[in-house]
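The sequence shown begins at 1 in UniProt numbering and counts up one residue at a time.
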Amino acid sequence: MTQRRLSLFGATGSVGQSTLDLVRRDGETWRVTVLTANSDVAELAKLAMEFRPDVAVIADAARLSDLQAALTDTGIDVAAGADALVEAAQRPTDLVMAAIVGTAGLAPTMAALAAGYDVALANKEALVSAGELMTAVARTSGATILPVDSEHNAIFQCLAGGRIDQVRRIILTASGGPFRTMSAADMARVTPAQAVAHPNWSMGAKISVDSATMMNKGLELIEAHHLFPVGLDRIEILVHPQSVIHSLVEYVDCSTLAQLGSPDMRIPIASALAWPDRMATPCAPLDLATIARLDFEAPDEVRFPATALCRAAIAAGGARPAQLNAANEVAVAAFLAGHISFPAIVDTVRRVIDAAEPAAPSSLQDIFSVDAASRAAAQHFVDQFEHA
């Protein structure tokens with residue numbers, strides 16, 4: 001059997017680790033050809049020694065000599081920096097797992113799509129900031145974007161055998177995060193430790209905070225708008241605390257298909273890895289009798305205004321989503337560092353969007369320019385909050 005080649009961008013993060021766990025269990029199917037990490041040289045070197053890729057890339061150019069020392073005489077090519085990530089994305093492969101967090105993953109993801117490689121997309125910020133550009137590149141090259149986010153992967157699965165023009169509604173489910181029942185007054189006093197303690201999912205700090213503010217669900221709404229072009233008015237959000245139903249698709253005949261599964265990221269990752277087939281996973285199967293009940297409620301956009309902010313941003317289009325994403329990254333980092341309060345995260349994003357209206361981006365460079373300006377503006381408002 002011919003092995004499939006896998007390029008893994010963001011190998012040391014949670015999605016990367018889950019991907020490699022599945023690869024270990026199905027080693028005859030996969031050969032890892034590219035491994036990258038942001039700055040964790042020790043872990044990247046350890047994984048490179050295990051999987052023996054053609055190249056290992058560290059995004060932090062200052063760590064190149066450390067990685068070279070760790071992989072001396074292994075025969076593995078070593079590189080560092082943003083350009084090296086793009087070059088690695090253009091290497092021949094069968095699938096690219098794009099799991100770099102933030103806009104740092106945008107350029108290599110675009111390079112892989114432009115080269116015609118299928119991309120399993122776990123980097124929501126790339127699609128939020130440059131969705132129109134990314135989908136246009138994929139259409140031109142013939143590459144397929146396979147969503148890895150559990151909600152979008154659920155929609156992708158529910159659309160199998162159906163036609164997008166027969167969809168009446170797409171329903172994104174949201175856990176509601178750790179503060180779903182908390183008052184606005186109490187949320188003003190929450191700590192970073194509380195915000196990263198997600199009730200259902202094991203995730204990194206940034207995405208956990210995004211879940212707590214519901215910004216994550218707003219970003220997913222923007223993603224869904226690009227991935228599944230049914231019209232923004234046909235994409236809805238539904239709070240479902242148990243995180244068992246990951247999303248639903250309602251068709252014109254009023255049949256509704258749902259994808260259910262345990263809250264384990266290896267399930268959507270396996271779906272993307274094996275597509276259009278399926279592969280076995282070690283994940284726990286659903287025991288609906290034990291779960292016993294599934295609850296649903298409408299989102300509260302008064303206590304959690306992020307979703308409405310995201311809907312307005314994608315409705316406006318142009319540079320708005322890129323502004324929103326950049327401002328949110330800065331604000332979340334400031335909250336995690338103890339510089340601003342939890343409610344100030346969304347307030348910062350709103351202020352950045354209200355302060356400027358850049359021209360619609362037509363290139364990656366335009367996206368990066370908007371991103372840089374929005375980060376600077378967000379930092380200005382963070383400083384105001386901190387010294388108020």
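By construction, the Cβ of each residue, glycine as well, lies at the ideal position given by its N, Cα and C atoms.
(request) Since I believe S7 is in contact with T93 (beta carbons under 8 Å), could you give me their beta-carbon distance rounded to a whole number of angstroms? (result) 4 Å
(request) Use the C-beta contact count for E297: other C-beta atoms within 10 angstroms, 16 or more gives buried, fewer gives exposed. (result) exposed
(request) Go through the stretch 58-125 residue by residue and report every complete run of the alpha helix (DSSP H) that reaches 4 residues or more, in order. (result) 64-70, 82-89, 106-114
(message) In whole angstroms, give me the CA-to-CA distance for W30 and V148.
(response) 18 Å
(message) Quick check: R25 and T281, are their CB atoms within less than 9 Å of each other?
(response) yes
(request) Pull up the distance between the alpha-carbon of E289 and that of L47, whole angstroms please. (result) For the record, residue 289 in the displayed sequence is Ala; it is not Glu. The alpha-carbon atoms of A289 and L47 are separated by roughly 40 Å.
(message) Which residue marks the beginning of the alpha helix (DSSP H) containing T29, and which one marks its end?
(response) No alpha helix (DSSP H) holds T29; DSSP gives it neither H nor E.
(message) Give me, in chain order, the residues of the same chain whose beta-carbon lies closer than 6 Å to that of D60; leave out the 5 immediate sequence neighbours on both sides.
(response) S39
(message) Pop quiz: S129 and D371 are said to be a contact at Cβ under 8 Å. What is the actual Cβ separation, rounded to whole angstroms?
(response) 7 Å
(request) Please state whether DSSP places Q259 in a helix, a strand or coil. (result) strand
(request) Could you check what DSSP says for P147 in three-state terms: helix, strand or coil? (result) strand
(request) Any chance you could list the alpha helix (DSSP H) runs of at least 4 consecutive residues sitting entirely within the stretch 279-335, in chain order? (result) 288-291, 306-316
(request) Counting only the same chain and skipping the five closest in sequence on each side, list residues whose C-beta sits under 6 Å from that of G318. (result) A360
(request) Check whether the stretch 372-383 touches the stretch 348-355, taking contact to mean three or more Cβ pairs, one atom from each stretch, closer than 8 Å. (result) yes
(request) Return helix, strand or coil for T181, following the three-state DSSP convention. (result) coil
(message) Using C-beta distances below 8 Å, list every residue in its chain close to G105, excluding the 5 sequence neighbours before and after it, in chain order.
(response) F9, G10, A98, A99, N123, E125, A126
(message) Which same chain residues end up closer than 8 Å to V335 when comparing Cβ atoms and leaving out the 5 residues on each side of it in sequence?
(response) Here the sequence assigns Phe to residue 335, which means Val is not the residue at that position. Closer than 8 Å at Cβ, skipping near neighbours: P192, A195, V209, S341, F342, A344, I345.
(request) Would you list the one or two residues that DSSP bridges to S247? (result) L172, Q259
(message) Could you give the first and the last residue of the continuous alpha helix (DSSP H) run that contains S211?
(response) 205-213
(request) Kindly indicate the opening and closing residues of the beta strand (DSSP E) around E357. (result) No beta strand (DSSP E) holds E357; DSSP gives it neither H nor E.
(request) Would you kindly work out how many angstroms separate the C-alpha atoms of W275 and G161, rounded to a whole number? (result) 14 Å
(request) Between the Cα of D186 and those of R303, Q384, T348, spot the shortest distance and give me the residue it belongs to. (result) R303
(request) Let me know the secondary structure DSSP gives I235 once reduced to three states. (result) strand
(request) Provide the residue(s) that pair with A37 in DSSP beta bridges, ordered along the chain. (result) I58
(message) Within the continuous beta strand (DSSP E) that includes R4, where are the two ends?
(response) 4-9
(message) To the nearest angstrom, how far is the alpha carbon of T72 from that of R91?
(response) 22 Å
(request) Could you pull out every residue in the same chain whose Cβ sits closer than 7 Å to the Cβ of G13, ignoring the five residues on either side in sequence? (result) A99, V101, G204
(message) Would T140 and A114 be called neighbours here (beta carbons separated by less than 9 Å)?
(response) yes
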